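In my numbering, the protein residues as written are 9 to 441. Glycine residues also receive a C-beta, built at the ideal position from the N, C-alpha and C atoms. Computed from a prediction, not measured in an experiment: that's the story for all the values here. A short write-up of the structure that comes next.
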């Protein structure tokens, strides 16, 4: 059964994660995604490559696509894009502002060839403003947006530690890009008009922490302003990054410490467990499961005042008691007890174990893929279901320069034209590669 984007053609000029991952998402929805690579190949092909030009990173972020190798430094290579774009619906690029214009693949140039084109440009900081032309990456967006500060982690020298479990700005941008493209295609279906879409890693990172970024004067005056005043004082006297974090924490650390009793992790006899209990009912369920009847709940006590530093002693005493209870039994037994009373909780798993997890298997998000060079592969596929037009992982990542000629033939190029383009160095890998 065809996906909802069956018949949509996407020409992708992207690298690393945000743009390529969006291409994967569009492919899962049924789009025909053609990835443009330079004669040197996508940079991620060489990241941990296990055979020449093939790496796990490239395979994961480029499955379900076909590839075409174009030298956009040549007039002939740029002319190929301008000819191909006439029969494509979407052009996707992630680069700093000015690159598209220099390569003559900017919106104005390509939309002249195809007025109905959906053109999406993702940059680090956005298309305008004082930082628009700066280079960027996920880690840069983490730092600039403040997202990196959220974990309040520091290294041995007291400097900030990046979020390393994933690339949040990249993935946030990928989902944003895919949503925007689908919305633009729907708009074009109704109006017949194409359009330009602009997204950024900065915007995605801000969206991931909208609660922290938002300003609500009535609330902030009570819970935030004193911390911000202290932060400013530390900055003015030239304080360290660690001191700034400590000042920023302020009142929120008291509130957070209390609720972290039931919304955080504990070690068990054989691993770790995570609680996700915010409501009074959920907190009481935890207390019931661990038989915590003799202790009062600081988060519900009328006498608990998060603005009073002395209240922290109450929180720490309760945490010590809860921690001792969890250390006294295995993870599996605690999960059984917590599930029995309906408390949100989970064992802490390793990502490497997830493909074999029975719940992951049950929801059907693991895609079985056969790569022509490397054989069977298992990857995370579409993570949602659609009853009438189901998404599907359509295939492996493209072999380097494996589809170039076929794609050109599909778009009207003769064998003589293809040979001439290869001789001119406009398509295909560089000599000796």
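Exercise. In angstroms, rounded to a whole number, what distance separates the CA positions of residue 293 and residue 325?
Worked result: Approximately 19 Å between the Cα atoms of the pair.
Exercise. CA-CA distance, residue 392 and residue 371?
Worked result: If you take the alpha carbons of residue 392 and residue 371, they lie about 9 Å apart.
Problem set entry | Three-way DSSP call (helix, strand, coil) for residue 363 in this model | Three-state DSSP puts residue 363 in a helix.
Exercise. Can you tell me whether residue 94 is buried or exposed, with buried defined as 16 or more other CB within 10 angstroms of its CB?
Worked result: Flag for residue 94 reads exposed.
Exercise. Can you tell me whether DSSP reads residue 39 as helix, strand or coil?
Worked result: Residue 39 falls in the coil class under three-state DSSP.
Exercise. DSSP state of residue 116, grouped into three classes?
Worked result: Reduced to three states, the DSSP call for residue 116 is helix.
Exercise. Any chance the stretch 95-115 sits against the stretch 58-74, with 3 or more Cβ pairs inside 8 Å?
Worked result: The stretch 95-115 is not in contact with the stretch 58-74.
For this session: Could you check what DSSP says for residue 259 in three-state terms: helix, strand or coil?
Result: Because the pLDDT of residue 259 is 46, which lies under 50, any placement of that residue in the model is unreliable, and the question is left without a value.
Exercise. To the nearest angstrom, how far is it from the Cα of residue 278 to the Cα of residue 338?
Worked result: Using only the alpha carbons, I get a separation of about 6 Å.
Exercise. Residue 184 to residue 191, Cα distance in whole Å?
Worked result: Whole-angstrom Cα-Cα distance: 11 Å.
For this session: In the DSSP assignment, find the unbroken alpha helix (DSSP H) run with residue 392 in it and report its ends.
Result: Element bounds for residue 392: n/a, residue is neither H nor E.
For this session: Decide yes or no for the touch test of the stretch 413-423 against the stretch 22-35: beta carbon pairs closer than 8 Å, at least 3 of them.
Result: Touching, no, given that fewer than three Cβ pairs across the two stretches are closer than 8 Å.
Exercise. For residue 123, which of 344, 245, 204 and 332 has the nearest alpha-carbon?
Worked result: Cα-wise, what sits closest to residue 123 is 204.
For this session: For my contact list, residue 105 and residue 51 are in at a C-beta cut-off of 8 Å; report their separation, rounded to the angstrom.
Result: About 20 Å; that fails the 8 Å criterion.
For this session: Tell me whether the beta-carbon of residue 186 lies closer than 8 Å to the beta-carbon of residue 33.
Result: Judged by beta-carbon spacing, residue 33 lies within the 8 Å limit of residue 186, meaning their Cβ atoms are closer than that value.
Problem set entry | DSSP three-state assignment for residue 373, whether helix, strand or coil | For residue 373, the secondary structure class from DSSP, reduced to helix, strand or coil, is coil.
For this session: Measure the beta-carbon distance from residue 118 to residue 150 and round it to whole angstroms, keeping in mind my assumption that it falls under 8 Å.
Result: Rounded, the Cβ-Cβ distance is 32 Å, inconsistent with contact.
For this session: Return yes when the Cβ of residue 286 is within less than 8 Å of the Cβ of residue 271, no when it is not.
Result: Between residue 271 and residue 286, the gap from beta carbon to beta carbon is short of 8 Å.
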